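Numbering (the working numbering), first residue to last: 470 to 846. Glycine residues also receive a C-beta, built at the ideal position from the N, C-alpha and C atoms. Given the structure is predicted, the values throughout are model-derived calculations rather than measurements. To keep things clear, I will list the structure first and then write my remarks on it.
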Ligand SMILES: Cc1ncc(COP(=O)(O)O)c(C=O)c1O
């Protein structure tokens, strides 16, 4: 068939950034004005507009979502061996932020229906040493923030909300990223809002805001600039990136609607396949943002890595799911975790993968992907 052979030549990538003419114009404008580093008006405007969008008092723009998490954890002044609960099925940045502060990450397995942290296990894992929880919204849905906030309040622990993947998604009627004592975001190229590389920290707490702002910028002294107050980083965002962020923020809702359309389109046509599981378009408290359109192969039929290789031969990009924290090579070497098993995360790591879902994908391309997946599984 003509369409197929044409598509076979053009690789359908998992993710492509969505850059508009307006984005390009704004960046060129900033370059012409000479505001190319972090000192300048665009960073502040981006922070203000971002705070307004998600209804938080303060935001601090940083160089990545990983940097945002590191700063967030450091701002809590944890002691050695303090415990921080994190999901086991997540990006390594969650664990790294804790380990780098010499605190202890405590893992919780994921739920097989939503892929988010298994909330039933949360209270069981809280001890006297627990100082914080990183709650991460994974791939599809918001976590149940009312429940989580209630537990954090009852036990007196900090809530860090990692909203890197769900910018623009709401829990009930409020944006994800507006619930944590500190919330973090990523603006990497595959996110709904991108600055190339970049991230944001948002909070309503002025003390934490000031601390995060200082940590982003080498903790320069207040009275004597080059007499530093703490061990900080250069995790600054540039005005070039911030201006792209401002421009992208204007059409965030449109991009989110498109992501949802794409996810729904695939779900309607693939979820009838008995050999796969996909997250549905909504659950009681959250729509599915389909940051990635994930597929889990049922009953260990075949490893995801094998399907990914086969899809590549058809010119279709696909990626494996996260590899669980307790099975990470480096953490085994460092003996960070004991031998506890986390069967759900282990299953998703082996049998989960995601398919092309960038905002520019066409229905024809999606139909091609669907036909190949249904042929293979
Ligand atoms: C949940 C989550 N948190 C943090 C990050 C890290 O963000 P970055 O790549 O901007 O460092 C990612 C990356 O995609 C992520 O998925």
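- Shown here for residue 562: same chain residues with a beta carbon closer than 7 Å to its own, the five before and five after excluded, namely 534, 535, 538 in chain order.
- When DSSP reads this structure, residue 548 sits in no beta bridge, so it has no partner.
- Nearest Cα to residue 744 within the set 718, 737, 764: 764.
- Note on residue 606: 16 or more other CB atoms within 10 angstroms of its CB, so buried under the neighbour-count rule.
- Judged by the Cβ position, residue 538 qualifies as a neighbour of ligand 1 at the 7 Å threshold, a heavy atom of the ligand being closer than this.
- For the pair of segments examined, the region 580 to 588 was found not to touch the region 538 to 552: the number of CB pairs separated by less than 8 Å stays below three.
- Out of 657, 674, 672, the CA that lies nearest to the CA of residue 666 is found in 657.
- Less than 8 Å separates the beta-carbon of residue 822 from that of residue 777.
- Per DSSP, the beta bridge partners of residue 657 are 665.
- Residue burial is scored here from C-beta neighbours: residue 809 has fewer than 16 other C-beta atoms within 10 angstroms and is therefore classed as exposed.
- Residue 634 carries a coil assignment under DSSP once its states are collapsed to helix, strand and coil.
- CA-to-CA, the gap between residue 716 and residue 492 works out to about 6 Å.
- Non-local C-beta neighbours of residue 604 in its own chain, meaning closer than 6 Å and more than five positions away in sequence, comprise 612, 617, 630, ordered along the chain.
- Exclusion of the five residues before and after residue 609 leaves 748, 757 as the residues of its chain whose Cβ lies within less than 6 Å of its Cβ.
- The nearest non-hydrogen atom of ligand 1 is less than 7 Å from the C-beta of residue 605.
- Annotation for residue 634 indicates a beta carbon within 7 Å of some heavy atom of ligand 1.
- Distance between residue 817 and residue 560, taken at the CA atoms: about 13 Å.
- Taking all protein chains shown into account, residue 697 has fewer than 16 neighbouring C-beta atoms within 10 Å of its C-beta and is therefore exposed.
- For the pair residue 712 and residue 531, the CB atoms are not nearer than the 8 Å cut-off.
- For residue 495, the uninterrupted alpha helix (DSSP H) segment begins and ends at 490 to 502.
- Straight-line spacing of the CA atoms in residue 482 and residue 787 works out to 8 Å.
- Excluding residues up to 5 positions away in sequence, 637, 661 lie with their Cβ nearer than 6 Å to the Cβ of residue 725 in the same chain.
- If the five residues before and after residue 687 are omitted, its C-beta is found closer than 8 Å to the C-beta atoms of 697, 701, 702, 703, all from its own chain and listed in chain order.
- Annotation for residue 763: the continuous beta strand (DSSP E) segment containing it runs 762 to 766.
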